[in-house]
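Each remark here refers to the structure printed beneath this line.
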Amino acid sequence: MENTVIYDSDLHFEHKQWKRELEFWQDELKTFKHRLSELIGRYEDQEVLAKLEHFQNEFILHGSIIEELEETIDEHESNMAEHSKVGEEALDVALVNKHVEFRKKMETQRQIYADLKKNFYEFLTEYWT
């Protein structure tokens, strides 16, 4: 990557994609939380209620992670804007490396979220009658 020039517009495009993905996850979490509230009133079994509480906690945690990811994207966008103001359209290696690290975080979070959804759907299949 030493001789590669990375432009703000390249990274900005990916940021926009990530923001849309995070917004979609937030919307999904609202739906999942609504489903949980419907189920809470239907069951008295402590085992089922414990599973509902587990998913509730996971959804809250994931919501917080989404907020952190959005803040990181916003910070990176601000940093890029500062570079642009002073006429630097290409970012330095350190900033690009941070972007690549963040990309890995997004990929990891994507898998964690997919697993959470899968587990929740399996739970719904078992208890949603």
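For the sequence shown, this note's numbering assigns the number -13 to the initial residue and increments by one for each residue that follows.
For each residue, glycine too, the CB sits at the ideal point set by N, CA and C.
Would residue i pass as a contact of residue j if the rule is Cβ separation under 9 Å?
| i | j | result |
| --- | --- | --- |
| residue 8 | residue 52 | yes |
| residue 66 | residue 13 | no |
| residue 54 | residue 102 | no |
| residue 15 | residue 38 | no |
| residue 62 | residue 88 | yes |
| residue 114 | residue 25 | yes |
| residue 5 | residue 56 | yes |
| residue 41 | residue 105 | yes |
Using a Cβ-Cβ cutoff of less than 6 Å, which residues in the same chain neighbour residue i once the five nearest sequence positions on both sides are dropped?
| i | result |
| --- | --- |
| residue -13 | Any answer about residue -13 is weak, because its pLDDT of 46 lies below 50 and its placement is not dependable; what the coordinates show is given next. Counting only Cβ-Cβ distances below 6 Å, and skipping sequence neighbours, we find nothing. |
| residue -3 | 85 |
Does residue i pass the burial test, meaning 16 or more other C-beta atoms within 10 Å, or should it be called exposed?
| i | result |
| --- | --- |
| residue 20 | exposed |
| residue -1 | exposed |
| residue 3 | exposed |
| residue 97 | exposed |
Quick one: residues in its chain with C-beta nearer than 8 Å to the C-beta of residue i, no 5 flanking neighbours on either side, listed in chain order?
| i | result |
| --- | --- |
| residue 99 | 11 and 48 |
| residue 32 | none |
| residue 1 | 59, 62 and 63 |
| residue 29 | 35, 38 and 113 |
| residue 95 | 51 and 55 |
Once the 5 residues before and after residue i are set aside, which same chain residues still bring their CB inside 7 Å of it?
| i | result |
| --- | --- |
| residue 72 | none |
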